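Participant:
In the working numbering, the protein residues as written are 105 to 234.
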């Protein structure tokens with residue numbers, strides 16, 4: 105069975121109207137907010153239980169790691185250090201994935217418009233040389 109659904113229009117379709125594009129971008133923005141919230145939640149739980157931090161300090165540490173700034177509070181034990189290592193690796197991948205998801209409608213629209221502009225240009229006929 106072949107899946108035929110794609111979230112973006114095909115290259116032969118016209119450019120999406122601006123209002124619909126903004127709605128698409130809003131949906132992708134909400135989805136990225138959900139991904140950020142889940143990623144922060146994972147970090148908060150880990151810092152709270154592995155490093156014995158309160159929830160606010162756990163939020164600060166998870167936020168700082170997720171954005172690539174580094175931890176705020178010192179790590180108290182080996183479990184906390186292992187958690188911080190895991191979460192830092194997870195955060196690097198999550199940050200790039202979230203950025204890609206958020207930017208994908210914008211990049212698609214740009215490339216789709218570029219493709220439409222290229223196909224509108226008259227094709228130059230070449231004559232074979234003898």
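Where is the CB? At the ideal position from N, CA and C, for every residue including glycine.
All values reported here derive from a predicted model rather than from experimental measurement.
Have a look at residue 124 and residue 217 and give me their C-alpha separation to the nearest angstrom.
Facilitator: 15 Å
Participant: For the region 119-195, list the alpha helix (DSSP H) runs that are entirely contained and at least 4 residues long, ordered along the chain.
Facilitator: With a minimum length of 4 residues, the continuous alpha helix (DSSP H) runs that stay inside the region 119-195 are 122-154, 159-170.
Participant: Using a 10 Å radius around the Cβ and a threshold of 16 neighbouring Cβ atoms, would you call residue 196 buried or exposed?
Facilitator: exposed
Participant: Distance check for residue 141 and residue 157, CA to CA, integer angstroms please.
Facilitator: In a straight line, the C-alpha of residue 157 is about 19 Å away from that of residue 141.
Participant: Would you tell me roughly how many angstroms separate the C-alpha atoms of residue 185 and residue 214, rounded to the nearest one?
Facilitator: 43 Å
Participant: If you check the beta carbons only, do residue 163 and residue 144 fall under 8 Å apart?
Facilitator: yes
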